[in-house]
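**Student:** Numbering (the working numbering), first residue to last: 24 to 214. We put the beta carbon where it would ideally sit given N, CA and C, even for glycine. Just so we're clear, the structure is a prediction, and the values are computed from it rather than from any experiment.
Written out as structure tokens, the structure reads:
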């Protein structure tokens with residue numbers, strides 16, 4: 024049986040918006056460029072040698088006819104876990120103030136997430152567990168509630184942030200309403 028990874032090491036993105044991508048990741052993650060040439064760049068935000076790598080398709084595949092065609096561009100999404108709901112929501116406030124807003128806010132039941140799109144529309148999930156332990160989160164997948172609503176319910180991140188700032192305990196904010204309206208995939212929020 025394979026051993027699952029303990030943490031994300033890095034993600035490589037293929038892009039035709041090289042500079043915009045580097046600028047976006049520098050702002051959102053406070054990342055610094057470790058190495059860059061016209062075709063590649065490597066960025067990090069911690070002690071790891073690189074967490075993100077970018078391949079500039081304008082250098083690697085300059086003869087592609089339609090530069091607006093996504094073609095080889097992209098990754099689906101990468102999930103990043105936050106230590107607390109308060110951290111997730113305060114990060115939301117910081118990004119919103121910088122003009123970066125999530126396109127989807129959803130409580131999945133086992134986790135609550137904010138989904139963002141970078142300049143190339145790569146999807147980024149910022150998430151926090153709804154349970155006190157990983158074991159409880161795993162148990163959720165084997166219970167009956169997930170079958171009633173496997174996608175989750177959308178929430179208003181401004182409302183959640185206000186509740187937290189007024190002293191509502193995180194566990195109360197994270198309570199999953201199994202009777203709530205099922206969120207459509209990639210919900211109603213948009214940029």
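To the nearest angstrom, how far is the alpha carbon of residue 196 from that of residue 141?
**Tutor:** Between the alpha carbons of residue 196 and residue 141 lies a gap of roughly 27 Å.
**Student:** Given that a residue counts as buried once 16 or more other Cβ atoms are within 10 Å of its Cβ, and exposed if not, what is residue 44?
**Tutor:** Buried, by the Cβ-count rule.
**Student:** Threshold first: 4 residues or longer. Then list the alpha helix (DSSP H) segments lying entirely within the segment 50 to 87, N to C.
**Tutor:** Complete alpha helix (DSSP H) runs here, min 4: 80 to 83.
**Student:** Along the chain, where does the beta strand (DSSP E) that runs through residue 39 open and close?
**Tutor:** Per DSSP, residue 39 lies in no beta strand (DSSP E) segment and is marked neither H nor E.
**Student:** Give the C-beta separation of residue 66 and residue 73 to the nearest angstrom, bearing in mind that I take them to be a contact with Cβ-Cβ under 8 Å.
**Tutor:** Sure, about 7 Å apart at Cβ, within 8 Å.
**Student:** Just verifying my parser: in three-state terms, what is the DSSP assignment at residue 104?
**Tutor:** strand
**Student:** Taking the DSSP output, what are the residues bridged to residue 148?
**Tutor:** Paired residue(s): 102 and 138.
**Student:** Based on the DSSP output, what are the partners of residue 167 in its beta bridges?
**Tutor:** Checking the DSSP bridge columns, you'll see residue 167 has no partner listed.
**Student:** What does DSSP give as the partner residues of residue 127 in its beta bridges?
**Tutor:** 138
**Student:** Under the assumption that residue 191 contacts residue 130 (Cβ atoms under 8 Å), give the Cβ distance between them as a whole number of angstroms.
**Tutor:** In fact, because the Cβ distance is near 15 Å, the residues do not count as touching under 8 Å.
**Student:** Got a sec? Which residues, its chain only, sit under 7 Å from residue 213 by beta carbon, not counting five neighbours each side?
**Tutor:** Because residue 213 sits at a pLDDT of 36, beneath the cut-off of 50, its placement in the model cannot be relied upon, and the following sentence gives the value as read from the coordinates. Take residue 213, set aside five residues on each side of it, and the residues of its chain with a beta-carbon closer than 7 Å to its own are 126, in chain order.
**Student:** Whose C-alpha, out of 97, 101, 178 and 135, is nearest the C-alpha of residue 31?
**Tutor:** 101
**Student:** Whose CA, out of 186, 201 and 188, lies closest to the CA of residue 167?
**Tutor:** 201
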